Amino acid sequence: MLLSPVFRRFAVSALVAVSGSLCAQFVVINEIFYDPPDNTQPIEFVELHNPGAVAVNIGGWRLEDGVAFNVPAGTVIPAGGYFVIAENAVAFQTRFGFVPGGVFTGGLSSDGERLRLRNSVGTLVDEVTYGVGFPWPTAAKGAGASMELISPALDNDLGGSWRSSGTPDNPAPVTTYIAPTDPAWRYRKGVSEASSPRTAWRLTGFAEDASWLTGRTSVGYGDADDNTVLTDMQNSYWSVFFRHTFNVTAGQIPDALLLRVRVDDGCAVWLNGQWVASFHTTTDDPLFNTRAQNHEGDTWDEKVILNPSSFLVPGVNTIAILAANSSLGSSDFTLDAELKSTDPAQNGGSPTPGAQNSVFATNAAPSVRQVDHLPVQPAANVPVTITAKVTDPDGVASVTLEYQAIDPGAYIRKSDASYMTNWTYVPMTDDGTGGDAAAGDSIFTAVLPATRTA
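Heads up, the sequence shown is in our numbering, so the first residue is 42 and it goes up one at a time.
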């Protein structure tokens, strides 16, 4: 049986603490709230920060690309002060207790965005192109947190320079209703609508799913990592319908749900017939042949679902998902999902507009990014080379990789006892030896030995 490596973390030792003049960037994009857990509340914002010792007149400056805002003449950010530009002034004040400095046009994409800050003569002052998933803060993606810069002395165009706004010390217990790689999904190939009327398949009690296929997620084809393979989907049908029931104990409907999906290309999700989320789709009510946006399913998308008591019931409930490709001849397709209880603030604490970031630190960890492995799909008795770019303003002393070997398709949660055992520690090098391609390029390398068990 071929073993599949799982990587927990990189232990990185910096030579010294982060240092540098805070005047090097005298105004920075400092906090971004791009994906509130309730998308009906227009409370997105971008915060600018002047970390210097002198006030800065930003009148005539502009924020552009993802959103647009022209700063009124005479606007000044005091030394150490903040200026917040929000999606909606009334909604922002209701949520955060003060009036923002302005209201932008456009919107902050929940799939990543570029923001540029220019001064009154058009010179670029700061630029951030944020992403979703590692190395960017994951809890900022619909889990209630904002994305906060650790320190204005850091390069804020690097994902490792940001963290999700602070999390609570004592998170609430979690109930998992549907785990990844669950074997009991019902699915139907999207050669036509799944029911008549068209929405009936989304409801609990839809008896016709007894004739559907049953499989373990992920379900898909083309990328050699699916537990249930669709050999006939390419050039044949656009979409796949999915259903799964789960039980909620009476009196224990949670305050919020955390929905996680790994999808290639996109999907819409319903609970007991009520739409709750869409990921990389062109509509929240797709047909069986509606194409999705082009998206690679190599990371998990997350959505916090508030007020589940309005649609969950004690006893049996149903999640329904319509997942689709972006083209009929797409080279791959994948769908996996997880549903569990959560506290609205559990995955990320409240944003901190107009105040020091909750994650602020003068001694920040080095930035880890561009993590990769070769071969992409490891085979039996073949070593695996792991690389990662690791940088720090004052240098990096050492990097250590931790990995754990598990059976292909197995899933270990952080809460499982097995997660804390059987980790192997491997030093990573950047000296041109041990598989490292080039010395001193900040690309650290480790080679995992070929492994096969009976």
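The C-beta atom is built at its ideal place from N, Cα and C for all residues, glycine as well. Since the structure is predicted, the reported quantities are computational estimates derived from the model, not experimental observations.
Assignment of residue 303 by DSSP, reduced to helix, strand and coil, places it in the strand class.
With contacts defined as CB atoms closer than 8 angstroms, residue 75 and residue 189 fail to qualify as a contacting pair. Looking from the CA of residue 340, the closest CA among 305, 311, 349 and 333 belongs to 305.
Under DSSP, residue 382 takes part in a beta bridge, and its partners are 298. Annotation for residue 464: 443 and 445 place their beta carbon closer than 6 angstroms to its own, counting only its chain and skipping 5 residues before and after. The beta carbons of residue 227 and residue 285 sit closer together than 8 angstroms. When DSSP states are grouped into helix, strand and coil, residue 217 belongs to the strand group. Rounded to the nearest whole angstrom, the C-alpha separation of residue 236 and residue 477 is 56 angstroms.
According to the DSSP secondary-structure assignment, residue 198 is paired through a beta bridge with no residue.
Taking a cut-off of 8 angstroms for Cβ pairs, the segment 129 to 137 and the segment 166 to 176 do not touch, as fewer than three such pairs fall below it.
Listed in chain order, the non-local C-beta contacts of residue 333 below 6 angstroms within the same chain comprise 306, 307, 321, 322, 365 and 367, local neighbours out to five positions each way being set aside.
Our two residues, residue 102 and residue 319, have alpha carbons roughly 35 angstroms apart in a direct line. In summary, residue 404 is exposed, with fewer than 16 beta-carbon neighbours lying within 10 Å of its beta-carbon over all protein chains present. In terms of Cα proximity to residue 282, the closest of 242, 289 and 296 is 242. Residue state for residue 250 is assigned as helix, using DSSP reduced to three classes. Looking at the DSSP output, residue 344 bridges to 300. In the three-state reduction of the DSSP assignment, residue 177 falls in the coil class.
Ranked by Cα distance from residue 410, the options 486, 100 and 474 are led by 486.
In this structure, DSSP gives residue 150 a state outside helix and strand, which the three-state scheme calls coil. DSSP, read as helix, strand or coil, puts residue 274 in coil. For residue 426 against residue 488, the beta-carbon gap comes to about 5 angstroms, under 8 angstroms, which counts as contact.
Unbroken beta strand (DSSP E) stretches of 3 residues or longer found wholly inside the segment 97 to 170: 103 to 106, 108 to 111, 123 to 127 and 154 to 159, given in chain order. The C-beta distance from residue 179 to residue 343 rounds to 7 angstroms, short enough to fall under 8 angstroms.
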